[in-house]
Amino acid sequence: MKISKQSRRDAKALFSACRVNGVLDESRVRQAVTSVIAGKPRSYVATLTHFQRLVKLDLDRRSACVENAVESTPALREAIQQNLTRRYGPGLNVTFRVNPALIGGLRIKVGSDVFDGSVAARLAALEESL
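Take 580 as the starting number for the sequence shown in this note's numbering and just add one per residue.
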């Protein structure tokens, strides 16, 4: 489905209206979608499709996954969370996972950014260079 320029503009305006202090507000998103569906303006399906894409991209950008080979200490978790919040701003959802395949080190994924300081990644890089 091709989305017109006007639908893209409308979706961006909806998206901007749903942000509070730079963070997407879930209740405003629900309210915006409900009002658009109730009003049924011209090409509202295309507008909602693009709006959904913008919301999904923002949710991905605001999600961080931290993988460690062993269970992290609470102090380390707090330090990582503070550093990520400082770098990416408030409203970041951080999840911590244990992944023994990393052997050691950390792998942090925030949106499309990946910071891989694991032993497994270093071994793979060494293997490629030989």
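Using N, Cα and C, we set each Cβ at its ideal position, and we do this for glycine too.
Within the DSSP bridge table, the entry for residue 685 names 647 as partners. Below 8 Å, too few C-beta pairs join the segment 654-663 and the segment 595-612 to call them touching: fewer than three.
Rounded to whole angstroms, the gap between the alpha carbons of residue 597 and residue 588 is 14 Å. Nearest C-alpha to residue 629 among 586, 640, 648: 586. With fewer than 16 other CB atoms across the displayed protein chains lying within 10 angstroms of its CB, residue 709 is exposed.
Secondary structure within the segment 610-677: the alpha helix (DSSP H) runs of 4 or more consecutive residues, fully enclosed, are 623-640, 653-667 (chain order).
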